[in-house]
Amino acid sequence: MDPRDTAPDSWEQEEDVKARAAAGLQSALAALNVNAKPFIPNVDAAVFVPTFLQSSPTEISNSDGHGRSVRACGGVSVGLTRCAEPVASMEVLETVAPVENGGGTEADMAVEVETWEQKEEPGEGEPGGGGALGGEGGSSEEAQGREEVEMMEEEEEEELPVLKVIPLPPNAPKKEHVNVVFIGHVDAGKSTIGGQIMYLTGMVEKRTLEKYEREAKEKNRETWYLSWALDTNQEERDKGKTVEVGRAYFETEKKHFTILDAPGHKSFVPNMIGGASQADLAVLVISARKGEFETGFEKGGQTREHAMLAKTAGVKHLIILVNKMDDPTVNWSLERYEECKEKLVPFLKKVGFNPKKDIYFMPCSGLTGANLKDPIEECTWYMGLPFIPHLDSLPSFNRITDGPVRLPIVDKYKDMGTVILGKLESGSIAKAQQLVMMPNRHTVEVLSLLSDEVETDEAVPGENLKLRLKGIEEEEILPGFILCNAENLCHSGRTFDAQIVIIEHKSIICPGYNAVLHIHTCIEEVQITALICLVDKKTGEKSKTRPRFVKQDQVCIARLRCAGTICLETFKDFPQMGRFTLRDEGKTIAIGKVLKLVPEKD
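Residue numbers for the sequence shown follow UniProt numbering, beginning at 1 and rising by one.
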């Protein structure tokens, strides 16, 4: 035993041991040959193949610069013509890859790998060391024979879609970005549909979902496992209720979609408004189950409120997914589907959606994935496209690319600098660009740009961005601030005139009334300081005298004053930043649009 490993009888003895060890080290160093020739690797040497594999053709994962694997037959690297059998299997692998991930396109694959790498935890892989590239070395113990190696290779072939990614050609056209917000009453199935879509488009792998299913079963919540793909917070998973707006993305052949999974509970409506303000398209999820639809649609139910808030947030197109059609109380019944439709259409019309152009109804089942990607046999009466193909077939949105830069901030945090999140409403942003943060007029520089977790050099309107900024601290930013270009700053102020529609309020509203204002991503306390005139709903005529009060269902023009300075524009100049909602006591009481900004008196 090494004397250094044992405890000494006395401390003097330990010093002797140390001295002996040092002397031994000196003599070992003196014996080193310091004039030896430098090592030069032989780059032309044949590829090493273990003896037990030499008779069978093996795949050595060398890349030839184009992302293709180079084959080796019997230990010597050869061209594609000589080694006929492996070439065939290589072609099969390349075609199999997209199919296993949900029949996606090449672009799907490019995005997919990122999510796999992010979500893969060490130790969760396959039993033999997991990765398709690293697995072969792990199983090369000679005691375990050739059979085990073949089994390993079969396992690896199944895993290959994860890593075999065809990179996008650099000149490929950029797909159109569309932000979809899922809204509706609590427990209608919004997060489950979101999770199912991510699975069907290959953004969540099967193993992760199986893990969620096991964990959900342990908590006696086995039907919740799909929603866990979007509800990542422990509190959300325990209670089965979304709190924050969940974010995820998926791709189809023509478009790139960002899913915004809004909370359905009435306590979290402010979060839902923030999500809806970033959306181009809303999906209203309603439950067809007996009793559930009625609860959501009654006064005070979130089906009504969410549809109205989505319209106020500027969502033009609404898809209504009638979910839980596979429920035993419904069983894909056309009568129930039509009943839900008949009740909803008059209300949506009243909110301001055009039933012929803006609304599209569709039956589905989020838990089984029926009618989300592929049509189903049970539902013979539905002739339209399933959900994902329908999204893909929608016409493009017109974006203001040459306008001024406007990026309302949704969230901010610290991560190697200051990072902000938001949707670019107009203009374009590039790396290293100088921008101004309003309303506190900080000049900032864009260090890096991430669009849905993928780094880019330039962003166009409609994209959900993460920006790393230089020149500003995280504490100096609040949600609701706006990034602008220095040549064209957005307006900011405290007082403005607006046209307001009172939607729901028990008593009358007089000057001096306080509420909470939600405008783009900003939330601020506001007071109605004066009522200017009433507006006739049918003719649009304004009253000559000032009203002393307004009540439910009336339209008026009023002067509002915020507690602090906020960024806003008139509705005429910039609709996204000129429409707002007023909320009080957990209810939406009014919606409105900014008509005029009133300059501050010094």
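Glycine included, C-beta positions come from ideal geometry on N, C-alpha and C.
Beta-bridge pairing of residue i - partner residues as DSSP gives them
i, result
"ILE273", "Looking at the DSSP assignment, ILE273 forms no beta bridge with any residue, so it has no partner."
"ASN323", "SER287"
"LEU483", "LEU407, MET437"
"LYS423", "ASN464"
"PRO363", "VAL322"
"ARG247", "LEU260"
"CYS533", "ILE557"
"THR495", "ARG561, VAL598"
"HIS442", "MET437"
"LEU450", "GLU455, LYS466"
Of the listed residues the options, nearest to residue i (C-alpha basis)
i, options, result
"SER428", "ASN485, LEU209, HIS518", "ASN485"
"LEU560", "VAL516, ARG214, LYS587", "VAL516"
"LEU421", "ILE503, LYS349, PRO599, GLY480", "GLY480"
"ASP415", "SER448, PHE397, MET383", "SER448"
"VAL180", "ILE193, LYS266, VAL405", "ILE193"
"PRO599", "LEU568, ALA590, PRO575, PHE580", "LEU568"
"PHE293", "GLY189, VAL419, GLU218", "GLY189"
"LEU531", "GLN234, LYS538, ALA498, MET308", "ALA498"
"ARG406", "ILE482, HIS317, VAL501", "ILE482"
"ARG583", "LYS572, LYS266, GLU338", "LYS266"
"VAL410", "VAL43, ALA279, LYS206", "ALA279"
"HIS442", "ILE477, ALA370, LEU467", "ILE477"
"ILE502", "GLY471, THR529, VAL535, LYS470", "VAL535"
"LYS341", "LYS349, LYS356, PHE361, LEU467", "PHE361"
"GLU453", "SER227, GLN302, VAL460, LEU467", "LEU467"
"ASP392", "PHE574, HIS177, ILE273", "HIS177"
"LEU394", "LYS37, LYS357, PHE48", "LYS357"
"ILE259", "SER191, ARG207, ASP187", "SER191"
"TRP381", "PHE574, SER333, GLY291", "SER333"
"PRO404", "VAL460, ASN354, SER451, ASN440", "VAL460"
"ASP573", "ALA558, LYS596, ASP553, VAL555", "LYS596"
"THR581", "PRO270, ASP187, LYS211, LEU450", "PRO270"
"LYS412", "GLU585, GLU475, GLU377, LEU25", "GLU475"
"SER277", "GLY586, PRO575, SER451", "PRO575"
"GLY462", "PRO408, PHE353, VAL436, ASN440", "PRO408"
"ALA310", "VAL345, GLY352, GLY291", "GLY352"
"ILE557", "SER451, GLU541, CYS533", "CYS533"
"ILE320", "MET272, LYS506, PRO355, LYS350", "PRO355"
Min CB distance residue i to chain B below 8 Å
i, result
"ARG441", "The chain labelled as chain B is not found in the depicted structure, where only one protein chain is given."
Integer Cβ distance of residue i from residue j, believed to fall under 8 Å
i, j, result
"VAL245", "GLY264", "So it is not a contact: roughly 12 Å between Cβ atoms."
"ASN331", "SER365", "Going by Cβ atoms, the distance from ASN331 to SER365 rounds to 11 Å, so no, they are not a contact pair."
"ASN488", "LYS423", "19 Å between Cβ atoms; not a contact."
"GLU473", "THR539", "Going by Cβ atoms, the distance from GLU473 to THR539 rounds to 52 Å, so no, they are not a contact pair."
"ALA229", "GLY195", "4 Å"
"MET308", "ALA248", "With a Cβ gap of about 26 Å, MET308 and ALA248 do not count as contacting."
"PHE571", "LYS593", "4 Å"
"ASP457", "ALA430", "6 Å"
"GLU251", "LYS175", "7 Å"
"LYS537", "VAL555", "6 Å"
Proximity below 8 Å, CB of residue i to CB of residue j
i, j, result
"CYS510", "ARG548", "yes"
"THR368", "GLU504", "no"
"MET577", "HIS518", "no"
"PHE182", "ASP261", "yes"
"GLU524", "ASN514", "no"
"ALA590", "ILE508", "no"
"ILE359", "LEU372", "no"
"PHE347", "ARG304", "yes"
"GLU445", "GLN434", "yes"
"PRO375", "PRO363", "no"
"GLU222", "GLU213", "yes"
"ALA579", "THR242", "Before going on, a small fix: residue 579 reads as Arg here, not Ala. Cβ distance not < 8 Å, so ARG579 and THR242 don't count as in contact."
"ALA288", "TYR337", "yes"
"CYS379", "MET438", "no"
"GLN302", "HIS390", "no"
"TYR225", "LEU200", "no"
The segment 490-505 in contact with the segment 558-572 per 3-pair CB rule at 8 Å: yes
Stretch-stretch touch, CB-based, cutoff 8 Å, three pairs: the segment 282-291 with the segment 224-242: no
Stretch pair the segment 322-336 + the segment 397-405: three plus CB contacts closer than 8 Å: no
Any 3 or more C-beta pairs closer than 8 Å across the segment 246-256 and the segment 296-304: no
Cβ pair count under 8 Å reaching 3, the segment 307-321 against the segment 216-233: no
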